[in-house]
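According to this note's numbering, the residues represented by the sequence shown are 2 to 277, in order. Report on the structure given below.
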Amino acid sequence: MNTIENIIKLALFEDSGLGDITTECILSKSLPGIGVIVAKEPFVLAGIEVATRVFKLLDPDCELNSSFSDGDSIKKGEVFFKVHADLLSLLKGERVALNFLQRLSGIATLTRSYVEELSFENVRLTDTRKTTPGLRSLEKEAVRAGGAFNHRMSLYDGILIKDNHIAVAGSIKNAVDAVKNRTSHLMKIEVEVSNFDEVKAAIDAGVEVIMLDNMDYDQMAEAVKYIKGRAVVEASGNVSFETLNKIAATGVDVISCGALTHQAKSVDMSMRINTA
């Protein structure tokens, strides 16, 4: 949560760290107020805790009320967030709270649509590292709110040998051997492959996870048949709403989809503020 608090503080400073000229001219003294956030379209909620912390940082004595949690479906016209706070804090926090809620709920909403479209219950849908710089932890939490899973959080918590690693090492075997010699036996090794020869090399190297990168459906099905349960099979690249089930039908175990974060559209909502 310290990381999230730092993100919020940066957002607040960006917006009003040097002052809020308009509000400070209009309000000559502290006055209590009420702010409610209203949905202007249906969506899947994400970021409720972040919005709460925005107003708590501005006014530690504020009172917040919401019967909704991340992952809940919000209807158009529904009031899903209410806060009693100093009017200056409400006006300063309005845009920041909305920015977080709109962006994160957009990710959760898009993710939910993918999850509901996926017809294969045994296939796991995950995100990628294609996130907004500085917002990864929040955006990956929004993916979970939408019902999908997280891939590795960063470069520190999962081994993924990609094409450039292989190029540097000279071969898949060299790259895998180097990793095995320098990491714990508890860490799984994943290798990205783009053709059948590389699939065979990855299996021969004894990796636990194989990522089929940008392969067509026939190539993926052939690879799955060859791997035959000897490694977890992940499909990546060219994943869209239209291709999702076609990829799943090839027999892969995991589909990683960067679109969940980098193609998400912010949802529409507004905040109404009145004196208490």
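Ideal placement from N, C-alpha and C gives every residue a C-beta, glycine not left out. Predicted model, so just to flag it, every value in this text is computed and none were measured.
Check	Outcome
Contact check, Phe242 vs Glu118 under 8 Å by CB: the rounded distance?	6 Å
DSSP puts Arg183 in a beta bridge; with which residues?	The partner list for Arg183 (beta bridge, DSSP) is empty, contrary to what the question assumes.
Return yes when the Cβ of Val45 is within less than 9 Å of the Cβ of Ala109, no when it is not.	yes
Quick one: complete alpha helix (DSSP H) runs, 4+ long, within the region 124 to 182?	137 to 147, 164 to 170 and 173 to 181
When DSSP builds the beta bridges, which residues end up paired with Val255?	Arg125 and Glu235
In terms of residue numbering, what span does the beta strand (DSSP E) encompassing Glu191 cover?	Ile190 to Val194
Measure the C-alpha to C-alpha separation of Ser195 and Leu213 and round it to an integer number of angstroms.	6 Å
Measure how close the beta-carbons of Asn151 and Thr127 come, nearest whole angstrom, since I'm counting them as under 8 Å.	6 Å
How far does the alpha helix (DSSP H) with Ala52 in it extend, from its first residue to its last?	Ile49 to Leu59
Return helix, strand or coil for Glu209, following the three-state DSSP convention.	coil
Please check the pair Val192 and Ala179, which I expect to be a contact at CB under 8 Å, by giving their CB distance rounded to whole angstroms.	12 Å between Cβ atoms; not a contact.
So Lys131 and Gly259 are in contact, right, with Cβ under 8 Å, and what is the actual spacing, rounded?	4 Å
Leaving out five residues on either side along the sequence, give the residues of the same chain with a beta carbon under 6 Å from the beta carbon of Val39.	Val80 and Ser271
Run through DSSP, which three-state label would Ser68 get?	coil
Taking the CB atoms as reference points, tell me whether Ile190 and Ile167 lie closer together than 9 Å.	no
Between Ala176 and Val233, what straight-line distance do the alpha-carbon atoms span, to the nearest angstrom?	19 Å
In this structure, does DSSP put Asp106 in helix, strand or coil?	Note that residue 106 is Ser in the sequence shown, not Asp. Three-state DSSP puts Ser106 in a helix.
Among Gly78, Cys26, Thr133 and Ser67, which one has its Cα closest to the Cα of Ala265?	Thr133
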